[in-house]
Amino acid sequence: MEMFDLSLFWAVIIAFGIIMYVLMDGFDLGLGILFPFAPDEDARDVMMNSVAPVWDGNETWLVLGGTGLIAAFPLVYTILLPALYLGVFLMLAGLIFRGVAFEFRFKSKRTRGWWNAAFAGGSFVAAFAQGCVVGAYIQGFETADRVYTGGAFDWLTPFSILTGLGLVVGYTLLGATWLVLKSEGHVREWARGLIPKLLIGVLAVFVIVSLWTPWIDPGVFDRWFDHMQVIWLLPFAALLCAVGIYVATRRRREGLAFLLTLGLFIFTYLGLLVSRWPYVIPPDYTLWDAASAPESQFFILIGVLFVVPIVLTYTAWSYWVFRGKVRVGEGYH
Amino acid sequence: MALDPILLSRLQFAFVVSFHTIFPVFTIGLASYVALLQGLYVATGEAVWDRLGLFWTKIFAVVFAMGVVTGIVMAFQFGTNWSNFSQFASNFIGPMLSYEVITAFFLEAGFLGVLLFGRHRVSPSVHFFAALMVAAGTFISAFWILATNSWMQTPQGYEIREGMVHVTSWIEAIFNPSFPYRFAHMAMAAFLTGGFVVCGVSAWFLLRRRDVEAHKRALSMTMWLLLILTPLQAWIGDEHGLNTLEHQPEKIAAMEGNWDTQSNVPLLLFALPDRGLQGNRMEIGIPNGASLILRHDADGVVPGLKDIPVDQQPPVWIVFYSFRVMVALGMLMIAFAVAGLVLRRGDRIYTSRWFLHGLQGMSLAPFVAVLAGWFVTEVGRSPWLVYGVLSYADAVTPSLSGGMVLATLIGYIAVYAVIFWAGVYYLFKVVRQGLDELGEDEEMHDYDRPERPLSATRVPFDGSTASSRS
Numbered sequence: 000m001e002m003f004d005l006s007l008f009w010a011v012i013i014a015f016g017i018i019m020y021v022l023m024d025g026f027d028l029g030l031g032i033l034f035p036f037a038p039d040e041d042a043r044d045v046m047m048n049s050v051a052p053v054w055d056g057n058e059t060w061l062v063l064g065g066t067g068l069i070a071a072f073p074l075v076y077t078i079l080l081p082a083l084y085l086g087v088f089l090m091l092a093g094l095i096f097r098g099v100a101f102e103f104r105f106k107s108k109r110t111r112g113w114w115n116a117a118f119a120g121g122s123f124v125a126a127f128a129q130g131c132v133v134g135a136y137i138q139g140f141e142t143a144d145r146v147y148t149g150g151a152f153d154w155l156t157p158f159s160i161l162t163g164l165g166l167v168v169g170y171t172l173l174g175a176t177w178l179v180l181k182s183e184g185h186v187r188e189w190a191r192g193l194i195p196k197l198l199i200g201v202l203a204v205f206v207i208v209s210l211w212t213p214w215i216d217p218g219v220f221d222r223w224f225d226h227m228q229v230i231w232l233l234p235f236a237a238l239l240c241a242v243g244i245y246v247a248t249r250r251r252r253e254g255l256a257f258l259l260t261l262g263l264f265i266f267t268y269l270g271l272l273v274s275r276w277p278y279v280i281p282p283d284y285t286l287w288d289a290a291s292a293p294e295s296q297f298f299i300l301i302g303v304l305f306v307v308p309i310v311l312t313y314t315a316w317s318y319w320v321f322r323g324k325v326r327v328g329e330g331y332h
Numbered sequence: 000m001a002l003d004p005i006l007l008s009r010l011q012f013a014f015v016v017s018f019h020t021i022f023p024v025f026t027i028g029l030a031s032y033v034a035l036l037q038g039l040y041v042a043t044g045e046a047v048w049d050r051l052g053l054f055w056t057k058i059f060a061v062v063f064a065m066g067v068v069t070g071i072v073m074a075f076q077f078g079t080n081w082s083n084f085s086q087f088a089s090n091f092i093g094p095m096l097s098y099e100v101i102t103a104f105f106l107e108a109g110f111l112g113v114l115l116f117g118r119h120r121v122s123p124s125v126h127f128f129a130a131l132m133v134a135a136g137t138f139i140s141a142f143w144i145l146a147t148n149s150w151m152q153t154p155q156g157y158e159i160r161e162g163m164v165h166v167t168s169w170i171e172a173i174f175n176p177s178f179p180y181r182f183a184h185m186a187m188a189a190f191l192t193g194g195f196v197v198c199g200v201s202a203w204f205l206l207r208r209r210d211v212e213a214h215k216r217a218l219s220m221t222m223w224l225l226l227i228l229t230p231l232q233a234w235i236g237d238e239h240g241l242n243t244l245e246h247q248p249e250k251i252a253a254m255e256g257n258w259d260t261q262s263n264v265p266l267l268l269f270a271l272p273d274r275g276l277q278g279n280r281m282e283i284g285i286p287n288g289a290s291l292i293l294r295h296d297a298d299g300v301v302p303g304l305k306d307i308p309v310d311q312q313p314p315v316w317i318v319f320y321s322f323r324v325m326v327a328l329g330m331l332m333i334a335f336a337v338a339g340l341v342l343r344r345g346d347r348i349y350t351s352r353w354f355l356h357g358l359q360g361m362s363l364a365p366f367v368a369v370l371a372g373w374f375v376t377e378v379g380r381s382p383w384l385v386y387g388v389l390s391y392a393d394a395v396t397p398s399l400s401g402g403m404v405l406a407t408l409i410g411y412i413a414v415y416a417v418i419f420w421a422g423v424y425y426l427f428k429v430v431r432q433g434l435d436e437l438g439e440d441e442e443m444h445d446y447d448r449p450e451r452p453l454s455a456t457r458v459p460f461d462g463s464t465a466s467s468r469s
C-alpha cells in the first residue's frame, strides 16, 4: 500500500459527491414528482422558480460522480453500469426530459401542458431508477472474474422496487420541505399539509427496508448484530430527524424542517454505507479491489482538488443569491 | 435472426456520439466567433459588433445547452456497452474524461455566466475576456476528448499489466502520434462549421433585407476568414492523412479503395469496392493520383487491404464513400470561399441571389463533412477499438444481450428525436428573432430564475414573435 491511502481518500470524495447529488438533485426531483398534484398553475410556477437557478448545478455532481468513478474505481463503473443497464437508460431519459422541460416550460404557452408532463414524468422515472439502484446495490451483484455475469433485470426485484418507491417518497418529502421554505400563501399551506403524509410513507419504507436489509446477506447481518453497536446510532439519529421534521413543521420552523430532512437522508445514507463497507461492489469486491492505478488516481486528484472547492463556493454563492421566498407571479410583468 | 450485441452497441455509440458531436463542433467554432465579435467591439467601439455579438451569443446558448444534455449520455456509454474496454483502459481514459468534465464545470461555473448575462453588468473588456475564456474552455474540453480518441487510434506511453493499461508516461500517452493532427483538423472543422453557419444565417437576413448593414459586416468578415481557413483545412487534412498512412495503413487503403500494395496507384474518384471480391467492381480514377498525394511520387507505393486478413479489414465501402463525401464537401467549401472573393467586385457578394441561397445550403455542409470524417477515422480502424490492442469483440460488455441494446438504441433514438425537434425548432425561432430586441410586452422575463444557458435567449418557445413578419 502507498504511504498515503489514495483509494480511501477517493472513496471519501465519491461518497461525498453522491450525497451532494442526492441531497441537491433530490429536492428538485421531488418537486417534479409533486408537480401534477399542485393546486394550480401559479403553484407550479413557484415550484419551478424555486429550484430553477440551482438545479443544473445540482446535476453536475452526477456527471462528476460518473467520470470520477471510472477514474478512481473503474471496477465499480464497469460492473454497476452493465448490471443496471436498462435502469441507467431510464434514469438518463428521465433526466433529459425534465432538463429540456425546465428550459422550455417558461418559454411556452400552448405547449405548456406537454412540458409539465415531461417534467413530472422525467422526475419520477429518474427518482425511481435511482432508488432501484440503491436496492440493487444492497443486494449485491453477480460477478465472475471482475465482470458482471447477471441478467438484464436482476436489478429489478421486490426489494429494489421498494427502495425505488422509497426514494420517490423520500425525494418528495425533501421537495415538500424545500417548498415550504421557499414559498408562501396557499402554495406553502398545500406543501405543509403534505409533509405528515409523506413522513408516514418515508417511515414505513424506512422500517421495512431496515428490517429486510440484514436478512439479504449474512455479511450485512453480522455487521449490524455483531460487536458494532455504535452504528445503531445512525438509524436512531434518522428516526430522531423524522420526529423533528414533524414537530418543526407543526411549529412552523421551516428552515429547521428542511435541514432535518437533509439529516434524515444523511443518516440513512451512512447507515447504508456501513452495511456494506468496505465493499463497493457487494458481495465480492472492496474499494481497494476496485481501485485504479495509484498514478491515475493521483493524476486526476490534482484537478479535482483544484475544481471542487471552486464549484462548492459557486454553489453556495448561487444559493445565497437566490435565498428567500419565491412569490406567485414573480418574474412576469 | 440473432441480434448481435456488438454490432448494435457500435450502432448505438455511433448514433449517440454523432448526435452529440454536431453540437460541440458548432459551439467550439461559435464561441471563438463570439469572442472575435466582442473583441472587435472593444477595439473599435462600434455598436454593430456588440449587436452581432449578442445575437450569436443567444444561438450559442441554445446549442451549448443541447450539447450538455446529449453529453451526459456519453459519460455512461463507456460503462454500459463497453465495460471490458473501460476496465482495460480505465487508468488512462478515466482521468482524461474526468479532466474534460472538470474543465467544462470550471467554465460553466465562472465565465459562461458572465458571457451570457454580464453584457450590461460588466465593462466590454471584461465581457470580452469572459468570451475569450469560454472559447478557450471549449478547446480545452476538446483537447481531452480528442487526446483520448487519438490514443485509441495510435496508443503509446503505456504498458499492459494484469490485463489493464498502466500509463508509463502521461505526456507520451496524451501527445500520441495522431493527436496533434486530429486536434488541428477538428479545431479547423469547428471554425469552418461556425463560419459557414454565420454566412448562411447572414445570407438569410440579406435575402430578406433585415439588418442589412450588420449582416453585411458579418458576411464580409467571415468570408475573408473562410478564404484562409478552407484551403488551410485541406492542407491539415492532407497532413493528417500522411500521419494515418504511417500509423494505420489499412485505413488509408480503405479510404483509397486500394486492395494490392503497389506503386502507381490511381486516385479513385468513384468505385464500387467489394469485400467479397477483394477488389473493386468498377473504378474511375486519375492515374498515379493516390501515389502522388500520399508519397509525392508517381511510383510511390500505397498499402493495400489484402495485406491483412479479410476478417481484420475495415468495412471498405463506408470508409471509401465517407471519405469522398468529406473531401467533396471540403472542395465545395473552398469553391464558395473563392466565389465570395470574386463576387466582391461590385459588392455582388451581398446581392447575388444564387450565391446567398447557396450559402444558406452550405451552412449544413460542415456538419455533414464532420460526421463523414469521423466515420472515416472510426470505421477505418475496425475491428479494433484500441488500434492493434483491443478488438470490439473483446471490448464489449459481456453480459449484454442483443435485445437489451436494441431496446436502448430505440429508446435513445426516440428521446433524441424529441429533444432535437424542440432544440432545432427553438433555434430557428431565435434566428428569426434576429438582432431586434423584443418589445416589452413580448419579451420573456425570466428574472429571479434560471440564469442558465437558455435564459440568455429571451425568446418564447411558441406563440408569435416580432419576426413572424418574415
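From first to last, the protein sequence lines stand for chains Y and X. Take 0 as the starting number for the first sequence in numbering that gives the first Met the number 0 and just add one per residue. Take 0 as the starting number for the second sequence in numbering that gives the first Met the number 0 and just add one per residue. Positions of the beta carbon are idealized from the N, C-alpha and C atoms, including for glycine.
Start-to-end residues for the beta strand (DSSP E) that takes in residue i
i	result
Phe269/X	Leu266 to Asp273
Ala222/Y	As written in the sequence, residue 222/Y is Arg, which differs from the Ala given in the question. No beta strand (DSSP E) holds Arg222/Y; the alpha helix (DSSP H) holding it covers Pro217 to Phe224.
His165/X	Met163 to Val166
Val279/Y	Tyr278 to Ile280
Ile348/X	Taken as a continuous stretch (DSSP letters only), Ile348/X belongs to no beta strand (DSSP E), as it is neither H nor E.
Val378/X	Not the beta strand (DSSP E): Val378/X falls in the alpha helix (DSSP H), residues Ala364 to Val378.
C-beta neighbour in chain Y for residue i, strict 8 Å
i	result
Met403/X	yes
Ile101/X	yes
Phe75/X	yes
Ala421/X	yes
Trp169/X	yes
Phe12/X	no
Ser82/X	yes
Within-8 Å CB hit, residue i to chain X
i	result
Tyr20/Y	no
Trp9/Y	no
Ala190/Y	no
Lys181/Y	no
Thr156/Y	no
Residue i to residue j span [Cα, whole Å]
i	j	result
Tyr446/X	Gly200/Y	Any answer about Tyr446/X is weak, because its pLDDT of 41 lies below 50 and its placement is not dependable; what the coordinates show is given next. When rounded, the distance between both Cα atoms is 36 Å.
Ser219/X	Pro123/X	24 Å
Val211/X	Phe419/X	30 Å
Pro272/X	Asn279/X	4 Å
Ile17/Y	Phe14/X	29 Å
Thr312/Y	Ala183/X	35 Å
Leu434/X	Leu206/X	15 Å
Phe297/Y	Trp9/Y	10 Å
Arg181/X	Val375/X	12 Å
Thr421/Y	Leu198/Y	Given that chain Y is displayed from residue 0 to residue 332, the structure contains no residue 421/Y and the question cannot be resolved.
Val303/Y	Ala146/X	19 Å
Pro195/Y	Tyr245/Y	7 Å
Leu7/X	Leu399/X	10 Å
N-terminal and C-terminal residue of the alpha helix (DSSP H) that residue i is part of
i	result
Tyr76/Y	Pro73 to Ala82
Glu255/X	Pro248 to Glu255
Glu253/Y	Glu253 to Arg275
Gly263/X	This sequence places Asn at residue 263/X; Gly is not what is there. Taken as a continuous stretch (DSSP letters only), Asn263/X belongs to no alpha helix (DSSP H), as it is neither H nor E.
C-beta atoms of residue i and residue j nearer than 8 Å
i	j	result
Ala270/X	Leu304/X	no
Phe266/Y	Cys240/Y	yes
Gly339/X	Gln247/X	no
Pro81/Y	Gly93/X	no
Ala172/X	Trp143/X	no
Ala297/X	Asn257/X	no
Leu29/X	Phe75/X	no
Leu272/Y	Ala14/Y	yes
What are the residues of the segment 86-101 of chain X that lie near chain Y, defined by any Cβ-Cβ distance shorter than 8 Å?
Gln86, Ser89, Asn90, Phe91, Ile92, Gly93, Pro94, Leu96, Ser97, Tyr98, Glu99, Val100 and Ile101
Name the residues in the segment 386-415 of chain X whose C-beta lies less than 9 Å from a C-beta of chain Y; which are they?
Thr396, Pro397, Ser398, Leu399, Ser400, Gly402, Met403, Val404, Ala406, Thr407, Gly410, Tyr411, Ala413, Val414 and Tyr415
Contact list for the segment 265-295 of chain Y against chain X, Cβ threshold 9 Å:
Ser291, Ala292, Glu294 and Ser295
Taking Cβ-Cβ distances below 8 Å as the criterion, which residues of the segment 90-116 of chain Y are in contact with chain X?
Leu91, Ala92, Leu94, Ile95, Phe96, Gly98, Val99, Phe101, Glu102, Phe103, Phe105, Lys106, Ser107, Lys108, Arg109 and Thr110
Mind listing which residues of the segment 49-74 of chain X have their C-beta closer than 7 Å to chain Y's C-betas, in chain order?
Under the 7 Å Cβ criterion, the segment 49-74 of chain X contributes Ala64, Val68, Ile71, Val72 and Ala74.
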